[in-house]
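One structure is given here, and the rest of the page talks about it.
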Amino acid sequence: MKTDDLIKMLAQDAAVSFRLAPMMWAMLLLGVSASATLLLLKIGIRTDIAEALFAGRVLFKLGLTLLSALLAVNLLLRVGRPGADLRLPALLMMIPLAILILGVLAELLTVPPSLWAINMMGRNAMVCLVVIPFLSLAPMVGAMAVLRRAAPDSPGVAGAVAGLAAGCVAAALYAWRCPDDSPLFVAAWYTLSITAISVTGYMFGKRTLRW
Amino acid sequence: MSNEIRARDDEWASLMRAAMGGDSQSYHRFLVTVTPYLRGLAKRRCLKAGVTTTEVEDIVQEVLLAVHTKRGTWDTTRPIGPWLSAIVRNKMIDNLRRRSRNSALPIEDFEWNLAVEENGSITDRMDAETAIALLKPQQREIVRSLSIDGSGVKETADRLGMTEGAVRVALHRALKLLAGRYGSK
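Protein chains in written order, with this note's numbering: chain Z, 3 to 213; chain P, 140 to 324.
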């Protein structure tokens, strides 16, 4: 086929039905609503939420996970665009990481060493490791579905970012349930969950996001 | 960006914005003006990679299909040139990977075939023509009518006894399939 003929044909299909950013927002909102519904109906939020909201460590956990989720979504919105410069949005992810490290240091300075291990293990480490990946499923599927129609420069990286965003969103939801408020707990188990989801995303992305 | 390049980019960007809103004429103008630029990029990359430039037109067509199916990933508030060259870069990487995978076959497997190939092209490449052969008969009919025959959607619909909407939907699906043939190879 001559290139001119191909162009004639393409021109007949001018209108675009898929626009990356609005589609990504729509699917994320859908995924987050699904996960939030699951959390509220099946798992429940912590019973002492009213008092907890006045505790510094709870606010730290809620704020930190929310900030991570927003910054990870910001990265996710860019990763599907060919030639996108990801350096700044990726660098911004260092902010929640730095805040987490400061939180951990504050905890280590204020809590006696005998409590460090206990605070880190918390009461619900296993629940955290199961529920965060579980809550990340819906946003992950949504993000992957949109990325399949997008054009990421690196399928693996795009999948990892989808996992990171879904994991951070899930963590921000689970934080409302999680009874363990020590930054040590967050640093250990939240980080582990989100990393595992990102690695899963990387492997899925590598296989499914080629275009 | 120099002023000249910026002016060119602005023109392409506004054509593409109109195209995405459904303006076929703007889209045609966009594709026609952008193709020599894409061809230049592809040629330069072929020379760099040591690939014969006879493949360039196939790559250009593959890139055009990718531009078409992925145009929703262009951020309409940003310059379009970098987006276009990123598409070319990605498609070239794919293309070279396919090529190296194919050429990793032992030569005995296709030696007999070498004499028949006019250009000495031994790769299992999927140009648009072969891809079209894999479409469903009706899609193929529509594709031929709109491309090689150069008919419009309305004419094609009348001749095939379909509605214009149905022709548009079938075309849209066929183009997605064609673009997909490259990616999955």
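We put the CB at the ideal spot given by N, CA and C, even for glycine.
Express the C-alpha separation of Z:Pro114 and Z:Gly124 in angstroms, rounding to a whole number.
15 angstroms
Within the chosen definition, does the segment 42-60 of chain Z reach the segment 149-158 of chain Z through at least 3 CB pairs nearer than 8 angstroms?
no
Please report whether the beta-carbon of P:Trp222 lies at a distance below 8 angstroms from any beta-carbon of chain Z.
yes
Less than 8 angstroms between CB atoms is the rule here; does Z:Lys10 satisfy it with respect to chain P?
yes
At a Cβ threshold of 8 angstroms, is P:Tyr166 touching chain Z?
yes
If you compare alpha carbons, which of Z:Gly33, Z:Leu104, Z:Thr5 is closest to Z:Met146?
Z:Gly33
Residue from Z:Met122, Z:Leu93, Z:Pro91 with nearest C-alpha to Z:Val106
Z:Met122
Can you tell me whether DSSP reads Z:Asp7 as helix, strand or coil?
helix
Would P:Ser224 pass as a contact of Z:Met11 if the rule is Cβ separation under 8 angstroms?
no
Classify P:Gly289 as buried or exposed, calling it buried when 16 or more other Cβ atoms lie within 10 Å of its own Cβ.
exposed
Contact between the segment 90-103 of chain Z and the segment 136-143 of chain Z: three or more CB pairs below 8 angstroms?
no
At what residues does the alpha helix (DSSP H) containing Z:Met215 begin and finish?
Since the first residue of chain Z shown is 3 and the last is 213, residue 215 of chain Z is not available in this structure.
How many angstroms separate the CA atom of Z:Ile196 from the CA atom of Z:Cys170?
7 angstroms
At least one CB of chain Z closer than 8 angstroms to the CB of P:Ile219: is that the case?
no
Cα-Cα separation, Z:Trp118 to Z:Ala168
29 angstroms
Mapping DSSP to helix, strand and coil, what is Z:Thr197?
helix
Within 7 angstroms of chain P by C-beta, residues of the segment 77-99 of chain Z in sequence order
Gly82, Arg83, Pro84, Gly85
Sufficient close CB pairs (3 or more, under 8 angstroms) joining the segment 166-174 of chain P to the segment 21-39 of chain Z
no
Listed by chain order, chain P residues near Z:Thr197 by CB distance under 8 angstroms:
In chain order: nothing, as chain P lies at least about 27 angstroms away.
Within chain Z, partners of P:Glu196 - CB distance below 7 angstroms:
Thr5
Can you list, in chain order, the stretches of the alpha helix (DSSP H) that have 4 or more residues and sit fully within the segment 8-50 of chain Z?
22-40
Quick one, are the C-beta atoms of Z:Ala17 and P:Gly160 less than 8 angstroms apart?
yes
Considering Cα atoms alone, identify which of Z:Leu64, Z:Leu8, Z:Lys4 is closest to Z:Asp183.
Z:Leu64
For Z:Leu186 and Z:Trp213, the rounded distance between their alpha carbons
41 angstroms
Closer than 8 angstroms, CB to CB, is P:Asn234 near chain Z or not?
no
So the alpha helix (DSSP H) Z:Arg151 belongs to, where does it begin and stop?
127-151
Compare the C-beta of P:Arg210 against all C-beta atoms of chain Z and say whether one is closer than 8 angstroms.
yes
With 16 other CB atoms within 10 Å as the buried threshold, where does P:Asp149 fall?
exposed
As assigned by DSSP and simplified to three states, the class of Z:Phe206
helix
Whose C-alpha, out of Z:Thr67, Z:Val75, Z:Arg59, Z:Arg179, is nearest the C-alpha of Z:Cys130?
Z:Arg179
Per-residue burial, P:Gln164 [other beta carbons within 10 Å of its own, 16 or more giving buried]
exposed
Report the option in Z:Pro181, Z:Arg80, Z:Ala57, Z:Ala52 whose CA atom is closest to the CA atom of Z:Ala164.
Z:Arg80
What is the DSSP secondary structure of Z:Phe56, counted as helix, strand or coil?
coil
Pop quiz: P:Thr215 and Z:Pro84 are said to be a contact at Cβ under 8 angstroms. What is the actual Cβ separation, rounded to whole angstroms?
Their Cβ separation, rounded to whole angstroms, is 14 angstroms, which puts P:Thr215 and Z:Pro84 out of contact at 8 angstroms.
To the nearest angstrom, how far is the alpha carbon of P:Met231 from that of P:Tyr176?
15 angstroms
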